[in-house]
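Working notes, beginning with the structure itself.
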Amino acid sequence: MKKNLIILGAGFLQKPAIEAAKKLGCCAVVVDANENAVCVPLADRFEKIDLKDSEAIFSLAKNLAHDGGLAAIFTAGTDFSTSVSYAGEQLSLHCHSYEAAQNASIKTRMRSCFQKHGLPSPQFFSVTQDDIENGSINEFVKAIGFPCVVKPQDNMGGRGCRMIRNAGEIAQAAKHAVTSSRTRTAILEQYMKGDEYSIDALIYDGTFTVTGFADRHIYFPPYFVEMGHTMPAEIDEKKRCELIATFALGAKALGLTCGAAKADIKYTENGPMIGEIAARLSGGYMSGWTYPYASGCNLTEQALLIACGKTPEALEAMRRSVQFTPPDSCSGSEAPYVLYDVPCTQTSSERAWISIPGVVKEVVGVAHAASRAQVNDVFPRAAQGECVVFPRNNVQKCGNVLSLAKTRAESVAAAERAVSDIVLRLEADNADTDAFLAGMEEKSETQFPPSAYSAPPDIESICGVIPQNARVSDNIPAQLATLHASQERDWNCRTFLQTCELFDELCKNHDEFDAKKLWKNCVRGGVQGMLYFADTLMRKRDNG
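For the sequence shown, the numbering used here assigns the number 3 to the initial residue and increments by one for each residue that follows.
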């Protein structure tokens, strides 16, 4: 009889875990509050339970253990490692302790653990609605200084997280972070300037094995939107070893002993500084896709073996020893685990595509992107009829491309080419699109959202018309000559010339254009802005 294996989450990011559970000969019992989640049909058994409801999950686990045997409880890419450990600890399963999972889930507790153990992490304050209303938040910001960062203490995906750059941004940013928290508590902390990395690891039997080390590509201040990652990271060996050692020390400080761990960590002018450490595999596409592609190691399967109390033989066969090299800020710290890593032999790149605000009329280019050489996957997230926004977090992106190649340059180029193929054509005559193209911005969001391209100072001097059905790429004015010749790229990896040529391909038949209006929409909104301008003119003409 198959043993049951509970997987928390039925979203797309849980697909590798469901598939791995079945491959290991277990009955995949998938739990989610959403009975229509995309991976529900893959489950051997589905249970509709809110992932925050630790008691209900424990009750299910206890019943399964009594009825037919329970191999493990597992999650990846969700906020709910505490729910795993709450049930797992009471049932003596192989997992991090409940206390350690809480340390790794509640950011204020996490920071306190790092401070207690003398590890490099930002200065911080806990923030509630009362602190906003009574003005204490202003004193906290004054103590830390600008810029600083505020975020929910218990959320992921960048939701509710943003930089505070001046006094005018404090109240709105703090309020949004607090309301994005399940416990209505945020954390205000020092901004860390430096290159950012994501690192996955598996911890068991006193060993710590790095299973993925990637560059993170973060954009669009005051928000922190990850537009992709590249696996493995491009970094010198000394810095890499320092970051791994700091991650290991941080995991030990949190009490992580059995299971997965994931770090967001920066290398600053003062050396490594820990952003966050979670008690689970990474979200996004790193643990389930890009690392397995680049290394040949099925990370999710190996993590499940550890959760089942079995030896991850493939991991042990592939891993190599890593020198424990703590930075000066951690001098005197002893190695908390025996360190290993499983290296990548190829490069896998993930890149996202995004949209300006509006309603999707049509998604163009997905099949062409997927057919490109060295592109492994294209995952659309926004479809016809859906409302889209310029992203303020990682949940609001419109899709992702994953590539694989022998070299970093080839992998990055393949992913970016595929992203540039894909266009979300928006419905005409939309107030949100109009507001974006007019450059309107919230008072607390100066210089956000950004424009597709840098506007030349003399753009207002453009005059004349572009004739009906003429190619716009043949009518680029002198005021845009520098932009025409440059390699500056928009959010979706297109140069100005590529944008013009793509518009010509997608809009062969169009009305006569006021040249200045067209080019201003192009500079602000890229090919989407141009198409929207053309389609809105046509709708107004047709409506008389």
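Beta carbons: idealized from backbone N, C-alpha and C, even for Gly.
Nothing here was measured: the structure is a model prediction, and the numbers come from that model.
Cβ of residue i versus every heavy atom of the ligand HEM: is any distance shorter than 7 Å?
i	result
Leu439	Only the bare structure without any ligand can be found here, which leaves the ligand HEM out of the picture.
Given that a residue counts as buried once 16 or more other Cβ atoms are within 10 Å of its Cβ, and exposed if not, what is residue i?
i	result
Thr313	exposed
Met442	exposed
Gly160	buried
Ser350	buried
Lys254	buried
Pro338	buried
Val397	exposed
Lys144	exposed
Ser61	exposed
Arg242	buried
Gly370	The sequence given here has His at residue 370, not Gly. The residue in question, His370, is exposed, as its Cβ has fewer than 16 Cβ neighbours within 10 Å.
Gln16	buried
Arg526	buried
Gly137	exposed
Lys522	buried
Ser94	exposed
His68	exposed
Glu315	exposed
Lys264	buried
Pro122	buried
Gln470	exposed
Arg47	exposed
Hey, out of the options, whose CA is closest to residue i's CA?
i	options	result
Leu283	Asp46, Asn65, Phe82, Val421	Phe82
Val86	Ile108, Ser335, Ala63	Ala63
Glu228	Tyr287, Pro149, Thr213	Tyr287
Lys518	Ala12, Pro458, Glu503	Pro458
Leu53	Thr84, Pro43, Leu44	Thr84
Ala169	Met275, Asn6, Ile139	Ile139
Leu166	Gly27, Lys445, Gly401	In the sequence as displayed, the identity of residue 166 is Ile instead of Leu. Answer by Cα proximity: Lys445.
Ala437	Gly531, Gly466, Glu462, Cys346	Gly531
Phe249	Cys41, Val324, Ala67, Cys163	Val324
Pro224	Trp291, Pro149, Leu301, Asn523	Pro149
Ala433	Phe535, Ala384, Thr292, Val33	Phe535
Ala486	Val474, Asn494, Pro18	This sequence places His at residue 486; Ala is not what is there. When only C-alpha atoms are compared, the closest one is Val474.
Thr185	Ala173, Gly208, Asn157, Pro359	Asn157
Ala385	Val365, Cys29, Asp379	Val365
Gly70	Ile468, Pro43, Ala39, Val31	Val31
Ala494	Thr213, Pro452, Pro469	The sequence as given places Asn at residue 494; Ala does not occur at that position. Checking every option, the nearest Cα to that of Asn494 belongs to Pro452.
Glu236	Lys363, Ala281, Ala263, Thr409	Thr409
Gly387	Leu406, Leu404, Asn378, Val361	Val361
Cys97	Ile276, Gly261, Arg496	Gly261
Cys29	Ile108, Gln489, Lys5	Lys5
What residues are listed by DSSP as bridge partners for residue i?
i	result
His231	Arg218, Glu352
Ala203	Val212, Ala263
Ser405	Ser351, Val377
Asn6	Cys29, Leu72
Lys50	Asp34
Ala188	Val129, Pro154
Thr497	Arg491
Cys389	Val361
Pro382	Gly401
Val180	Per DSSP, none; premise fails for Val180.
Glu278	Asp266
Tyr342	Thr211, Ser323
So, for residue i: in the same chain, excluding its five sequence neighbours on each side, which residues have a beta-carbon less than 6 Å away from its beta-carbon?
i	result
Arg321	Thr211, Tyr342, Val344
Ser357	Val390, Cys400, Leu426
Thr501	Gly528, Val529
Pro328	Ala247, Ser335
Thr110	Ser128, Gln155, Ile189
Tyr100	Ser87, Tyr88, Glu91
Glu171	Ser446
Cys310	Ala73, Ala74
Phe126	Arg113, Ile189, Glu191
By Cβ distance, which residues of its chain are closer than 7 Å to residue i, with the 5 residues on each side in sequence left out?
i	result
Leu346	Position check: residue 346 holds Cys in this sequence, whereas Leu was assumed. Taken in chain order, the residues that qualify are Met233, Pro234, Ala296, Ser297.
Leu256	Ala102, Asn105, Ala106, Met112, Cys115, Ile279
Ala188	Val129, Val152, Lys153, Pro154, Gln155, Ala176, Ala179, Val180
Gln481	Pro458, Asp460, Ile461, Ser463, Ile464
Asp431	Thr538, Arg541
Glu412	Gln376
Residues in the same chain with beta-carbon distance under 8 Å from residue i, minus the five sequence neighbours each way, listed in chain order, please.
i	result
Arg374	Ala416, Arg419, Ala420, Asp423
Glu244	Tyr269, Gly273, Pro274, Thr327, Pro328, Pro329
Leu533	Val425, Arg427, Leu428, Phe505, Leu508, Cys509
Check: Which parts of the segment 280-323 are runs of the alpha helix (DSSP H), unbroken and 4 residues or longer, counting only runs that do not cross its ends?
Finding: Complete alpha helix (DSSP H) runs here, min 4: 293-297, 301-309, 315-320.
Note to self: Extract the residue ranges of the beta strand (DSSP E) inside the segment 89-164, only unbroken runs of 3 or more that lie entirely within it.
What the structure shows: Listed in chain order, the complete beta strand (DSSP E) runs (minimum 3 residues) inside the segment 89-164 are 126-129, 150-154.
Next item on the list: Please specify which runs of the beta strand (DSSP E), each continuous and at least 3 residues long, are wholly inside the segment 252-276, giving them in chain order.
Entry: Within the segment 252-276, the beta strand (DSSP E) runs of at least 3 residues that lie entirely inside it are, in chain order, 261-270.
Check: Counting only runs that start and end within the segment 423-461, where is the beta strand (DSSP E) found for 3 or more residues in a row?
Finding: Considered as a whole, the segment 423-461 harbours 425-428 as its complete beta strand (DSSP E) runs of no fewer than 3 residues, in chain order.
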